[in-house]
Amino acid sequence: MGRGAALGPLAAGPATPYPRAMSAAPSSPVATLSRQAAPKDAARLLEHGSVVLIPDLDFDIAGFEGAMYAEVSDAGTKNVSYNPATGELKGTTAEGPVRDQLTEIVARYSTWATDLVREVLPAYADGLQIGRTSYRPRAADHNLSKRKDDRRLHLDAFPANPVQGRRILRVFRNVNPNGEARHWRVGEPMADHAQRFLPRTHGMAPGQAMLMRTLGLTKGRRTAYDNLMLQLHDLSKEDDAYQADAPCEHVSFPPGATWMVFTDGVVHAAMGGRYAFEQTFYVPVSAMVDPPASPLRTLERLTGKALA
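Residue numbering for the sequence shown follows the UniProt record's numbering, starting at 1 and increasing by one per position.
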């Protein structure tokens, strides 16, 4: 499918004007569940666009505060990044014992978050794929390009790491030592968001996905789904009118809060706050409780095409 090729029923016509939305942003985008109740309700809520907050959890950081709250981040990167598969830590200037301690506590968080997901989302356990872990000691960076600025409303999509239809599940933990909350905006339903921007998207050129993989620009085959999700990410972040007027709710997560969200299906923006952990997981659509609610199936309905 070449650039500008039709994508289906939404390929023609102007994008939805602002600030009108096809349906309002949810009045309560955060669903609070106890650890006991989460296995029954969390998957359904997550798959239908809620952020799930589980307040009655403990993650012990005692003995690691010196490494966590030192100036450890690299000015050239947004976050400290850890690869659970290799044990490699990137994005930090820390050396020696501080680096060792930082690596250990981020690795502990990865294990803790993985155990949590397997406990409260048992339907995903068999198909769960563990991605990277991040530690986020810095406040939002105001000097980034629009596409890299996570204070702008967006759906997650990864240019170099195609997900090929899999869901992106993220588990966050606020570990701020000074009582500072993490502040987010949560936007309109994913289907409404997609319908705003799909008319401005285009298909990939013939052979583009294979060429990008051959050149090492992607770590896998970029599907038509990945192509659309990347464009939704970029178009929304670059649209100043949308950022100013889009429907959204402001939410805060206090220190000690743990929350999880499908960031490919929830329009969100991280507005502020320092010191948080995050673990990324990938979930096959086949493992979902309600596969038709996935972004893949939503975009396939809207475009009338198989995308992955």
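All C-beta atoms, glycine included, are put in the ideal place defined by N, C-alpha and C. All of these numbers come straight from a predicted model, not from anything done at the bench.
Check your understanding: Thinking C-alpha only, which one of Met288, Leu89, Glu71 is nearest Arg44?
Key -> Met288
Review point. Can we say the stretch 112–120 touches the stretch 94–103, given the rule of at least three CB pairs closer than 8 Å?
Key: no
Practice item. Please classify Met190: does DSSP put it in a helix, a strand, or coil? Key: helix
Point to revise | Candidates Pro206, Pro255, Lys78, of which the one nearest Pro55 by Cα | key: Pro255
Check your understanding: Going by Cα to Cα distance, which pick from Gly66, Ala85, Thr86, Thr93 is closest to Asn79?
Key -> Thr93
Practice item. Would you tell me roughly how many angstroms separate the C-alpha atoms of Val98 and Glu71, rounded to the nearest one? Key: 10 Å
Point to revise | In chain order, each alpha helix (DSSP H) run of at least 4 residues that lies wholly inside the stretch 186–266 | key: 190–197, 208–214, 224–238, 240–245
Practice item. In the DSSP assignment, find the unbroken alpha helix (DSSP H) run with Ile105 in it and report its ends. Key: 96–120
Practice item. Using the Cα positions of Asp192 and Ala246, report the straight-line distance between them to the nearest angstrom. Key: 11 Å
Check your understanding: What distance in whole Å lies between the Cβ atoms of Arg132 and Thr280, which are believed to be in contact at a cut-off of 8 Å?
Key -> 6 Å
Check your understanding: Hey, is the stretch 45–54 in contact with the stretch 281–301, meaning 3+ C-beta pairs nearer than 8 Å?
Key -> yes
Check your understanding: Taking just the CA atoms, how far does Leu215 sit from Ala37?
Key -> 47 Å
Check your understanding: Is Ser34 helix, strand or coil when you go by DSSP?
Key -> coil
Review point. Could you give the C-beta distance for Asn174 and Ala31, rounded to a whole number, given that I count them as a contact under 8 Å?
Key: No, Asn174 and Ala31 are not in contact; Cβ-Cβ is about 17 Å, not under 8 Å.
Check your understanding: Could you give the distance in angstroms between the alpha-carbon of Phe172 and the alpha-carbon of Leu89?
Key -> 18 Å
Practice item. May I ask which residues mark the beginning and end of the beta strand (DSSP E) holding Leu169? Key: 167–174
Check your understanding: How would you write the range of the alpha helix (DSSP H) that Glu65 sits in, first residue to last?
Key -> 65–68
Review point. On the three-state DSSP scale, how would you describe Thr133?
Key: strand
Point to revise | CB contact flag (Pro137, Arg274, <8 Å) | key: yes
Practice item. Between the Cα of Leu153 and those of Arg166, Gly66, His250, spot the shortest distance and give me the residue it belongs to. Key: His250
Review point. Grouping DSSP H, G and I as helix and E and B as strand, with all else coil, what is Ser286?
Key: helix
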